[in-house]
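Step one of this worksheet: look at the structure below.
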Amino acid sequence: MAQPSSSAHFSGDNNSGVQAGSIHGSVTINNHEGQRPETPPEPSCKIPFKRDDEFINRPAIFDKIKEKLEAPGSRVALVGMGGVGKSQIAIQYAYCLENQLSDTWIFWIYASNSARFQESLEEIAHRGKIPGRDDPKRNTLGLVRNWLLDDKRKWVVILDNADDLDFLKDTSTEEGTNNKRLDKYLPKTQNGSIFVTSRSREAALQLVDRRNIINVHPMDETQAVSLFRKKLNEGYDDKVIAELAAELGYLPLAIVQAASYISLREPRCSVQEYLEDFRGRNLTKKLKLLSDDNGDHRRDEEAVNSVSATFKISFNRIRKTRPSAADLLAIMCFFNRQGIPDYVLQPEGIECETTPRKKEDSSTPGLPARDESFENDIRTLISYCFISTGANPKVFDMHRLVQLAAQEWLDDNESFVSWQVILVTRLLRRFLDIKYENWGRCQQLYPHMKSAIGHKPQGGVPLQWWGRLLYRAALYVVKRGNMVGAVAMSTIALEVSKEAFGEDDPITLYCNDAVQFMQPDMTPVTGNNEGSSNEGAWRWWTRLYVWLQWLTWLYIWPTGRLEKAEKRQLKVIKAVKKVNGPKHPATVRYISNLVSIYRLQGQLDEAEQLQEAAVESSKKANGPEHPATLYYMSGLVLLYQLQDRLGQANQLQGAVVESSKRVNSPKHEATLYYTSGLASIYQLQGQLDQAKQLKQLLEAVVESSKRGGGVDIDIYARLLDKIELPYLEEQKAGSACEGSL
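The sequence shown begins at 15 in this note's numbering and counts up by one.
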């Protein structure tokens with residue numbers, strides 16, 4: 015017999031029921047109400063740092079952030095070196111958003127590594143009370159992503175310290191393995207914006223468009239002084255504070271660190287004392303100041319609080335991800351921090367490198383191949399804001415504190431000395447030829463030559479390389495007519511040469527005689543050349559002998575022993591011809607010296623003939639505006655004056671002055687020397703107004719020198735003696751009287 019069947023339908027919510035077959039016994043039925051859904055929380059802002067009452071506003075940056083973040087679905091990044099204040103700006107801006115956008119969620123996500131990134135997303139799930147967050151089998155990242163995709167929900171995510179490119183590619187989570195990169199869990203939607211801070215431009219470009227990157231640079235002087243004022247006690251002079259801020263490169267973290275150091279040690283430490291310590295030549299002490307960590311409760315608990323440690327994090331990251339870029343940073347930190355040309359960084363030349371750079375074939379005939387590896391290294395360092403370029407993309411600058419921290423980093427890794435040697439060899443390779451046509455490059459490298467003075471190798475062959483480098487630098491400044499710099503560099507080169515080569519070496523003696531010529535009171539070095547069989551050394555000795563002979567007849571002139579000077583100079587010319595040949599510029603130079611002797615003897619025709627030949631020879635060999643050519647032309651002018659051919663003298667000397675202005679500079683010592691000669695010619699011609707005008711020009715240069723203009727006062731004082739202003743005034747008055755008769 016068929017069993018009866020029945021069915022029932024219940025309408026409404028929260029129904030419950032029971033179904034059973036044959037039951038024999040008692041039955042207990044309990045009805046439990048379903049879990050009531052949570053009340054969605056109101057939008058809120060949770061910033062993990064207190065608002066900084068001592069924050070220094072940077073309006074230009076804030077205006078850019080506001081402009082870019084106001085666009086729906088915007089993504090904006092602050093990019094700058096460690097310690098420049100990116101996170102502090104983000105904190106301040108987050109509080110501004112909290113006041114302005116009460117209907118918007120504001121989340122702070124730590125992006126320093128994968129674990130902290132996921133931890134921050136977990137917090138978002140709990141703050142937003144996202145359904146399913148407590149499910150043991152949950153995918154929290156997916157829940158957060160879907161929650162953020164709700165177009166009714168407005169939000170801003172601040173992604174702080176997104177520096178590491180690798181962490182963004184990680185797809186593993188606590189729940190297993192996902193097929194999305196972690197950054198894909200922050201959706202691109204019109205209802206949400208993302209605000210990134212990063213030390214790496216390349217990392218930031220993984221999250222935002224290039225046009226939405228805002229570069230954060232160190233503060234300007236006014237902002238830096240204001241920050242110091244906020245952090246220090248009263249009573250310090252703004253001028254001293256400004257000087258210290260400049261020494262610290264206006265870097266906010268360095269300023270806060272220095273202010274904390276001073277405040278903790280007052281009254282036994284002041285701004286002035288800290289400044290003096292930092293300016294000291296003791297690199298170790300300077301680096302100790304940069305390494306001092308006094309803590310900062312407004313920075314992330316995992317963040318370091320010293321400039322040195324902050325930079326080292328990035329240095330080590332570069333070493334791990336791109337070792338060749340770390341090597342490039344290592345060599346750059348020993349150069350002068352400004353104006354580092356790219357060609358001196360290329361690993362070509364006499365130093366031993368680990369692996370040679372690979373060069374790609376150029377697609378354009380006639381153009382050099384680009385070194386893609388080098389270009390990628392440069393891009394990496396620029397991305398981390400450790401170096402920068404200006405109008406010339408082939409010249410780099412480095413922040414002064416980056417340079418110091420990098421040197422300490424190398425010292426920690428016991429590679430400081432090795433990179434010092436590479437610096438010397440790089441410069442030695444590029445500073446081989448100091449001819450006139452290479453002066454542009456020499457001038458560009460000279461500041462780096464001076465930086466090399468502070469990086470003395472410990473001994474052996476590197477010390478000899480260093481000695482040769484300083485010797486060439488001394489020769490360059492002598493040729494450029496910078497007598498003040500020539501004395502300083504030659505003196506240093508002399509001391510180094512004594513240690514590196516010995517007192518009998520030709521380089522040592524050459525440096526010694528250069529110093530003696532410019533500073534006669536200095537005790538000379540004595541040496542002998544016995545036993546020298548090396549051909550290169552013989553050439554050095556010959557050149558040294560020639561130079562010494564030239565100095566000898568300079569001192570013979572005042573005694574009137576001109577015949578002896580003539581014979582001696584002819585011997586010098588013979589020696590020079592033997593070494594260089596009859597048409598070599600050096601030979602022409604010493605023949606020109608013979609002209610001076612003929613001139614003093616009154617043999618003007620012979621002197622003029624030789625001098626004209628010297629001018630023409632120099633024009634062919636060097637060019638019409640080469641300094642040597644101008645020198646010979648000026649000598650010819652003097653012969654014209656002695657023959658009373660003042661018109662020719664004026665015309666030629668005027669041309670020399672104009673050429674020297676172009677080749678050297680209007681205030682170069684050679685230009686002013688030629689100018690004084692032109693003034694003398696004007697005086698002889700009776701053109702007193704022109705002579706007076708040039709006289710006043712020279713006087714202005716002397717005054718500039720007295721105020722620290724970097725020129726030799728004695729030299730210009732002697733030039734002024736050639737033009738007696740009272741005499742000019744008397745002549746002018748006499749001419750006026752004659753005109754009235």
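Yeah, the Cβ is synthetic: ideal placement off N, Cα and C, and Gly gets one too.
Pick out whichever of the options has its Cα sitting closest to the Cα of residue i.
i      : options                           : result
TYR398 : VAL438, LEU359 and ARG333         : ARG333
PRO638 : LEU666, ALA693, ARG613 and GLY616 : LEU666
ASN330 : GLU622, TRP423, VAL358 and PRO281 : TRP423
GLU84  : SER402, ALA176, LEU342 and GLN204 : GLN204
LEU163 : VAL171, VAL586 and PRO201         : PRO201
SER429 : MET503, ASN113, ALA340 and LEU301 : ALA340
PRO86  : ASP165, ALA108 and ILE105         : ASP165
SER328 : VAL670, HIS231 and SER214         : SER214
ASN160 : ASP117, ASP178 and GLY206         : GLY206
VAL90  : VAL170, LEU415 and ALA627         : VAL170
HIS682 : TRP433, VAL492, SER116 and GLN220 : VAL492
ILE436 : ASN452, TRP480 and ASP447         : TRP480
ARG455 : LEU304, PRO51, ALA487 and LYS470  : ALA487
ARG582 : TYR604, VAL431 and GLN655         : TYR604
TYR250 : ASN226, GLU261, TYR288 and GLN271 : TYR288
CYS59  : PRO51, ASP66 and GLN114           : GLN114
GLN625 : LYS634, TYR645 and HIS640         : TYR645
Per DSSP, which one or two residues make a beta bridge with residue i?
i      : result
CYS59  : ILE120
PHE388 : None, per the DSSP bridge assignment.
ASP174 : TYR124
ARG89  : ILE208
PHE410 : ILE354 and THR403
ILE227 : ALA91
TRP169 : TRP119 and GLY206
If you drop the 5 nearest sequence neighbours on each side, which residues of the same chain put their C-beta closer than 8 Å to that of residue i?
i      : result
GLU68  : LEU241, LYS244 and LYS245
LEU708 : THR689, SER690, LEU692, ALA693, TYR696 and ILE737
LEU342 : LEU359, PHE388, ASP391, ILE392 and LEU395
ARG732 : Below a pLDDT of 50, predicted positions are generally treated as unreliable, and ARG732, at 49, falls in that range; the measurement from the model is reported next regardless. Excluding positions up to five away in sequence, the list is empty.
Near residue i, what residues of its chain come up, given a Cβ to Cβ distance below 7 Å and the 5 sequence neighbours on each side ignored?
i      : result
ALA256 : GLU235 and VAL239
LEU157 : ALA139, ILE144, GLY146 and ARG147
THR324 : GLY96, GLY97, LEU267 and VAL318
PRO54  : LYS143
ILE61  : ILE105, ALA108, TYR109 and TRP122
GLY99  : VAL230 and PRO266
By the 10 Å Cβ neighbour count, where 16 or more other Cβ atoms means buried, how is residue i classified, buried or exposed?
i      : result
ARG676 : exposed
ASN594 : buried
ASN247 : exposed
ALA500 : buried
ASN71  : exposed
ASN406 : exposed
GLY94  : buried
ILE37  : exposed
PRO337 : exposed
ASP77  : exposed
PRO232 : buried
GLY649 : buried
GLU280 : exposed
Just the C-alpha distance for residue i and residue j, rounded to the nearest angstrom, thanks.
i      : j      : result
GLN657 : LEU618 : 8 Å
LYS512 : ARG482 : 12 Å
SER465 : ASP291 : 20 Å
GLU216 : VAL498 : 47 Å
ASN427 : GLY474 : 23 Å
LEU608 : ALA589 : 14 Å
VAL222 : PHE400 : 21 Å
THR643 : SER632 : 5 Å
PRO596 : ARG440 : 35 Å
LEU523 : GLU580 : 25 Å
ALA74  : ILE103 : 12 Å
GLN623 : SER610 : 12 Å
GLU630 : LEU712 : 30 Å
GLN710 : LYS82  : 58 Å
Who are the near neighbours of residue i in its chain, counting only those whose CB is closer than 6 Å to its CB and skipping five residues on each side?
i      : result
SER101 : ASP174 and THR211
ASP356 : LYS408
HIS413 : GLY263
PRO461 : ASN350
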